[in-house]
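By the UniProt record's numbering, the letter at position 98 of the sequence shown is numbered 98, and the numbering carries on one by one without gaps.
Here the structure comes first, spelled out in structure tokens, and everything after it is commentary.
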Amino acid sequence: MDVLLRQLRGLKKLLRRRGATPEQAEDLVQEAVLRLHAYTRQGGQVQNQEAFLTRTAINLSVDQHRHARLDCYEADPIEDLELPDLEPTPDEVFAAEQRLMRMRDALDRANPRTREVFFMHRLYGFSHAEIARRLRISVSAVEKHVASAVTILAIERQRE
């Protein structure tokens with residue numbers, strides 16, 4: 001009996017490693033034991049009980065995953081589905097343009113070097129070291145310019 005309990009615990013661990021929840025693993029092991037019992041009652045011979053249980057539980061797990069994935073699909077043709085309009089409304093577009101203009105104006109009021117460094121970093125993707133090398137300033141100065149620009153934008157954003 002101890003051997004069977006150890007086998008069942010090991011099988012539950014295997015199913016857990018394969019993605020089953022503790023409850024699913026328990027259910028799968030129980031179903032595998034029931035199938036072993038039904039198979040032997042019908043006269044079937046099992047040479048390796050542990051292998052039978054393992055293969056049965058894994059097959060049940062695969063079937064469970066397949067069934068769960070089928071629920072993800074819509075039965076209706078795509079032409080019949082009503083898809084939401086994800087485009088922003090004209091009001092949202094206008095508000096975003098206004099916000100961008102305010103942010104650009106705030107950066108225009110900043111130190112020209114700060115604006116240049118910020119754009120090089122955020123718009124063109126240059127690293128701090130690349131900006132420092134191109135502008136012949138220290139990496140620390142680049143970091144301070146970027147931080148200053150971010151602070152300016154954060155203050156402007158709070159005003160909204």
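Beta carbons: idealized from backbone N, C-alpha and C, even for Gly.
For residue i, the first and last residue of its enclosing alpha helix (DSSP H)
i, result
"Pro-112", "112 to 122"
"Phe-94", "90 to 109"
"Leu-34", "22 to 41"
"Ser-138", "First-last for Ser-138: undefined, no H or E at that position."
Identity of the residue in the options nearest residue i by Cα
i, options, result
"Tyr-39", "Lys-12, Val-142 and Leu-53", "Leu-53"
"Asn-48", "Gln-98, Leu-4 and Ala-154", "Leu-4"
"Thr-21", "Ser-61, Val-146, Pro-84 and Glu-97", "Ser-61"
"His-65", "Gln-158, Arg-6, Arg-18 and Lys-12", "Arg-18"
"Arg-122", "Arg-55, Leu-86 and His-145", "His-145"
"Ile-58", "Leu-100, Glu-79 and Gln-24", "Gln-24"
"Glu-160", "Gln-42, Arg-102 and Met-120", "Arg-102"
"Val-29", "Gln-7, Asp-91, Gln-45 and Ala-147", "Gln-7"
Residue i - DSSP class collapsed to helix/strand/coil
i, result
"Ser-61", "helix"
"Val-46", "coil"
"Gly-19", "coil"
"Glu-160", "coil"
"Asp-2", "helix"
"Phe-126", "coil"
"Asp-85", "coil"
Any C-beta of chain C under 9 Å from that of residue i
i, result
"Ile-152", "Reference to chain C is not applicable here, since this structure consists of a single protein chain."
Nearest-angstrom Cα separation, counted from residue j out to residue i
i, j, result
"Ser-140", "Leu-14", "52 Å"
"Asn-111", "Phe-118", "11 Å"
"Leu-86", "Met-120", "31 Å"
"Arg-113", "Leu-100", "20 Å"
"Ser-148", "Ala-95", "25 Å"
Q: Report yes or no: do the stretch 139 to 156 and the stretch 100 to 113 share at least 3 C-beta pairs separated by less than 8 Å?
A: With the rule of 3 Cβ pairs closer than 8 Å, the stretch 139 to 156 counts as touching the stretch 100 to 113.
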